[in-house]
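So for the sequence shown, my numbering puts the first residue at 3; every next one is plus one. Glycine residues also receive a C-beta, built at the ideal position from the N, C-alpha and C atoms. Data first, discussion second: the structure below is written as C-alpha cells.
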Amino acid sequence: RDGELAGNSVTVVSKEGIQVRRREGPWTVKEAVTAQSAQQPGLQLHAAERTAQVAVELYLEDPSALGTTVVSRAWVQTWLTQPERLDRAVFRLTSNQKSVDLIVPAEADLNEVELWLDGKRTSAHGTPEGHLVIDLPGGGTSGQHILEAIYRFAGPRPEPGALSLELPRLGRDVWIHRMYWQLVLPSREHVLLAPAPFTAEYSWGWSGPVWRRKPALEQPQLETWCGTRRLTDVPADTNRYLFSTWGTAAQCAVRTARRSSLVLVASGIALVAGLLLIYVPAMRQQTHRLPDCRPVDQKQPGHQG
3 RDGELAGNSV TVVSKEGIQV RRREGPWTVK EAVTAQSAQQ PGLQLHAAER TAQVAVELYL
63 EDPSALGTTV VSRAWVQTWL TQPERLDRAV FRLTSNQKSV DLIVPAEADL NEVELWLDGK
123 RTSAHGTPEG HLVIDLPGGG TSGQHILEAI YRFAGPRPEP GALSLELPRL GRDVWIHRMY
183 WQLVLPSREH VLLAPAPFTA EYSWGWSGPV WRRKPALEQP QLETWCGTRR LTDVPADTNR
243 YLFSTWGTAA QCAVRTARRS SLVLVASGIA LVAGLLLIYV PAMRQQTHRL PDCRPVDQKQ
303 PGHQG
C-alpha cells in the first residue's frame, strides 16, 4: 500500500492449434510466447493500470485441439518373470477427439505392439516422436472406449535391485482418475518398498505356512474393473504386487531382491547379534543373586516359651 504500481503482466498459454489474440482494453501485447520459450505457445500482455480482467479471443487452427480425453480407469501389468519384460496396459477412456496417442516405453518393440479397441484388434500409425496414434470411431463425437496394448521389450529384463521402469501412458495432456500398476515377479524375487508416487494395495496374511503379502485385487478382478478381455490368469507360483495412484505416472522406481539375498542378510544379522551376546559382556543382561532367605528362629536365648 506504500508503493506505486509499475504495471501488470500476464501470460496466456494455449494448446497447440489454438491461437490467442488480444481484445480491446488496457492490455497491450508485450511479446509472443513461442514453443521454445514456454511449454505451450501463447501471448504475453502488459497493462500499466490496475485491472482485474483479461479479454482475449481464441481462434482455432485445428478443430480437434479443443477435444478432451479423460481416463477413468487404467491398469498396467508388468511381467518380469521371463528373460524379457512384457507389459499389458488397459485404458478405459471417454474422448471427443478423433484419435489418441499411446506412448510406450522407449525400449519396447513398436513393431510387436498388439492393440485392441473396444474388444477388437486395431492398428496404429507412428509419429516421429515414437508415439502410436490410434483412430477412435465416431469422427470426434464423445464416446467411451477401452484401449488395450500388449508389447514386449527387445532387451533382457533388468536384474533384481534398484529398478527404474517407464510405464505406458496416453499423450495430449490426458488425465487419469485412477490407475493400478500390477508387478509380476518370479516366486523367488520380492519387492522391498512401494515405489513413489504409488500406494501399496495389499495386506499381510498367511498363505499356507508362509506369512506373505496379499494383493487387494488379482488379474480377474482388475480385468472386470477395466471392462477388458479375460486372458489366462497369472500363475499361482509368482509374486504379485499391486500399487495405485492418481493422475499419470510415467516413471517409477522400485527395489527388489532375491529370496536368497534376503535369507543371507537375515542370517548374517542373527549371527552378528549372537556373537555380540557371547563375546561382549556389556550386551548380556547381568543377573543378581538373591540373598539367603532361611527362616529365622524367633526364640531368643533364655526365652521361656
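Spatially closest choice to residue i from the options, by CA coordinates
i: Thr240; options: Thr230, Ser209, Gly270, Ala252; result: Ser209
i: Val56; options: Gly69, Arg24, Arg159, Arg171; result: Arg24
i: Leu167; options: Ala275, Arg242, Ala272, Gln79; result: Gln79
i: Gly141; options: Ser269, Lys216, Lys100, His48; result: Lys100
i: Leu138; options: Val31, Val12, Ser125; result: Ser125
i: Val12; options: Gly276, Gln46, Glu6, Val31; result: Gln46
i: Leu195; options: Glu109, Ile152, Thr258; result: Thr258
i: Gly163; options: Val256, Tyr61, Leu88; result: Val256
i: Pro130; options: Val282, Leu117, Pro217, Ala108; result: Ala108
i: Ser144; options: Gly69, Val274, Ala198; result: Gly69
i: Tyr182; options: Val14, Thr250, Leu60; result: Thr250
i: Asn10; options: Ser16, Gln21, Trp29; result: Trp29
i: Arg75; options: Val274, Gly128, Trp248, Gly270; result: Trp248
Whole-Å CB distance - residue i paired with residue j, under 8 Å assumed
i: Leu82; j: Leu119; result: Incorrect: roughly 27 Å between the Cβ atoms, too far for contact.
i: Val102; j: Thr71; result: 6 Å
i: Arg94; j: Cys228; result: 5 Å
i: Arg180; j: Ser246; result: 7 Å
i: Leu134; j: Val106; result: 7 Å
i: Glu116; j: Tyr153; result: 7 Å
Burial state of residue i, where buried means 16 or more other Cβ atoms lie within 10 Å
i: Arg231; result: exposed
i: Leu185; result: buried
i: Gln223; result: exposed
i: Ile280; result: exposed
i: Asp4; result: exposed
i: Leu7; result: exposed
i: Arg123; result: exposed
i: Ala91; result: buried
i: Arg214; result: exposed
i: Gln38; result: Legend: pLDDT at Gln38 = 47, less than 50; position of this residue unreliable, value from coordinates given subsequently. Classification of Gln38: exposed, given that the 10 Å Cβ count is below 16.
i: Val193; result: buried
For residue i, the residue or residues it bridges with in DSSP
i: Tyr243; result: Leu185
i: Cys254; result: Leu167
i: Arg24; result: Val58
- Message: To test your reading of the DSSP string, which unbroken beta strand (DSSP E) runs of 3 or more residues are found completely within the region 146 to 199?
- Response: Fully enclosed beta strand (DSSP E) runs of 3 or longer: 164 to 168, 181 to 188, 191 to 195.
- Any beta strand (DSSP E) of 3 or more consecutive residues that is wholly inside the region 73 to 154: Correct list: 86 to 97, 101 to 105, 116 to 119, 122 to 124, 134 to 137.
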